[in-house]
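Protein chains in written order, with this note's numbering: chain U, 1 to 143; chain B, 144 to 286.
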DNA sequence: CGCCATCATGAAAGTGACATTCATTGGCAT
DNA sequence: ATGCCAATGAATGTCACTTTCATGATGGCG
Ligand SMILES: [Mn+2]
Ligand SMILES: [Mn+2]
Ligand SMILES: [Zn+2]
Ligand SMILES: [Zn+2]
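Here is the structure:
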C-alpha cells in the first residue's frame, strides 16, 4: 500500500516531466509512515531532526504535489492549519474530531451518503464533493 | 424576527455591561437585513457607502459580539473568508454550496442527524457540534 | 562521461485575512 | 454636567501560507 502510493506518485511525476529528488523521496516516506492527518508544520518539524537541510517551502510544495497526484488530500478542521490526509483510490470517509486532544477518527456511513444524494437531488444540486465532520469529545477525553 | 434578535442582542449587551452605540445599531440593522452568509469584508463594504466613518475593526468586533450573543454563527466554506450567518434560537441546518456562483442553500434532515448520533455513540464520542456541507453546482449553474 | 536546459531548493520576502494596540472619542450612571 | 470606563478606527502585529530569486541538482543527449 505504501509501495503502491510510491508508484502512483512516481508515475505522476514522470508523466508531468518533474524530477525525482532526495528531498521528495524523504518527504514521501515520512508522510506515508505517519499520522493520517498531518499539517505542513508537523511534517516539517518531524523531518527537521534527521534532515535539517529540508526547508519548510519544500515540504509545503511537496505536499501540494501529493494532493495533485491523488495520494493526499487537503483538509481543514478549523484549527487554523491545513492538514493532509492519506487518500486511497476510490475510498471516501468522514471525520470525528476531538475538540480537546485533537484526535481524529474516520468513519463511513452509506446511509448518510445516500440521504445526502437525495437532499441534493431535491434541490437540483449536482454534487461534486461533501464534508461531514462531527466535533466533540473522544472516548478518552470523556473519562 | 428582526425585532426579536435586536432584543436578544440588547439584553446580551446590557447583561454584559456593554454599551449601545450608533455603530453597533447600524451594523446590526445591516446584518439582519442582508444575505444569510456574509463575510466581514462584504458587510464592511456594504456599509462603507452610507457610513464611511465605520471602520473594518468595528465591523469585525461587532460580528464577534453577534456570535457571542447567539444571533450569528461563524462559518468556513473554504473560500478563505469567515462568514457570519443568522442564527435563531434552537435552530440548526446544514448547507449546499455552489462551487461556481457561491450560492448557499440551507437544509435540514432529521434522519441524517440521527445517524450522526449513532455513529458518534458507536465510537464513544460526545457530540458538541457538527458540520455537513455539500459542494457542487446549484440548479441555476447546471443549466 | 560531460553539457546544459530545466527543474528543484531554501532563505527571505510577500500576501491576505484576521486580531490587537493605543490615542482619542463617546455612553451613561451619578 | 462630570467622570469613569467602554468603544472606535487607524495603524500595526500575527500567522499560515505563498511566491520570489539566486543557487544547486537532475537527467536527456551527444
Ligand atoms: Mn462522506
Ligand atoms: Mn446538521
Ligand atoms: Zn480527545
Ligand atoms: Zn451556482
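Just so it is clear, CB atoms sit at the ideal spot from N, CA and C, and this is done for glycine as well.
As the structure is a computational prediction, the values presented were derived from the model and not from experiment.
- Taken atom to atom, the span from the alpha-carbon of residue 204 of chain B to that of residue 235 of chain B is near 24 angstroms.
- In the three-state reduction of the DSSP assignment, residue 82 of chain U falls in the strand class.
- Within 9 angstroms of the CB of residue 130 of chain U, the CB atoms of chain B belong to 275, 276, 277, 278, 279, in sequence order along the chain.
- Screening all residues for a C-beta within a distance smaller than 5 angstroms of any heavy atom in ligand 3 leaves U:98, U:100, U:101, U:103, U:138, U:141, in chain order.
- A straight line joining the alpha-carbon of residue 50 of chain U with that of residue 27 of chain U spans about 11 angstroms.
- Annotation: the continuous alpha helix (DSSP H) that includes residue 284 of chain B extends over 282-285.
- Residue nearest to residue 172 of chain B within the set B:161, B:200, B:214 is B:214 (criterion: CA-CA distance).
- Near chain B, meaning a CB-to-CB distance below 8 angstroms, the residues of the segment 103-124 of chain U are 105, 107, 109, 111, 112, 115, 116, 119, 120, 123, 124.
- Here residue 148 of chain B has 175, 214 as same chain residues with Cβ atoms under 7 angstroms from its own Cβ, once five neighbours each way along the sequence are excluded.
- Residue 264 of chain B: member of the alpha helix (DSSP H) spanning 253-266, first to last residue.
- Secondary structure in the segment 165-234 of chain B: the alpha helix (DSSP H) runs of 4 residues or longer, each lying completely within the stretch, are 165-175, 183-191, 199-212 in chain order.
- For residue 103 of chain U, there is no enclosing beta strand (DSSP E), as DSSP gives it neither H nor E.
- Between residue 142 of chain U and residue 269 of chain B, the CB-CB gap stays under 8 angstroms.
- Not flagged as an interface residue toward chain U: residue 224 of chain B, since no C-beta distance is shorter than 8 angstroms.
- Between residue 180 of chain B and residue 277 of chain B, the C-beta gap is not smaller than 8 angstroms, which leaves the two residues out of contact.
- Using a Cβ-Cβ cut-off of 8 angstroms, residue 242 of chain B counts as an interface residue toward chain U, since at least one Cβ of chain U sits closer than that to its own.
- Counting along the chain, residue 156 of chain B sits inside the alpha helix (DSSP H) bounded by residues 145-159.
- Cβ contact annotation for residue 65 of chain U (same chain, cutoff 7 angstroms, sequence separation greater than five): none.
- For residue 158 of chain B, no chain U residue has a Cβ inside 7 angstroms of its Cβ, as the nearest lies near 26 angstroms away.
- For residue 78 of chain U, the chain B residues whose Cβ falls inside 9 angstroms of its Cβ are 219, 274, in order along the chain.
- Judged by DSSP in its simplified three-state form, residue 238 of chain B adopts strand.
- One Cα belongs to residue 109 of chain U, the other to residue 256 of chain B, and the distance between them is close to 12 angstroms.
- Closest by C-alpha distance to residue 258 of chain B, out of U:102, U:23, U:101, U:94, is U:94.
- Its chain contains 70, 71, 72, 73 as the residues whose beta carbon lies nearer than 8 angstroms to that of residue 87 of chain U, once the 5 sequence neighbours on both sides are disregarded; these appear in chain order.
- Ranked by Cα distance from residue 47 of chain U, the options U:68, U:17, U:24 are led by U:24.
- Residue 185 of chain B and residue 19 of chain U have their alpha carbons spaced roughly 43 angstroms apart.
- Looking at the DSSP output, residue 128 of chain U shares a beta bridge with no other residue.
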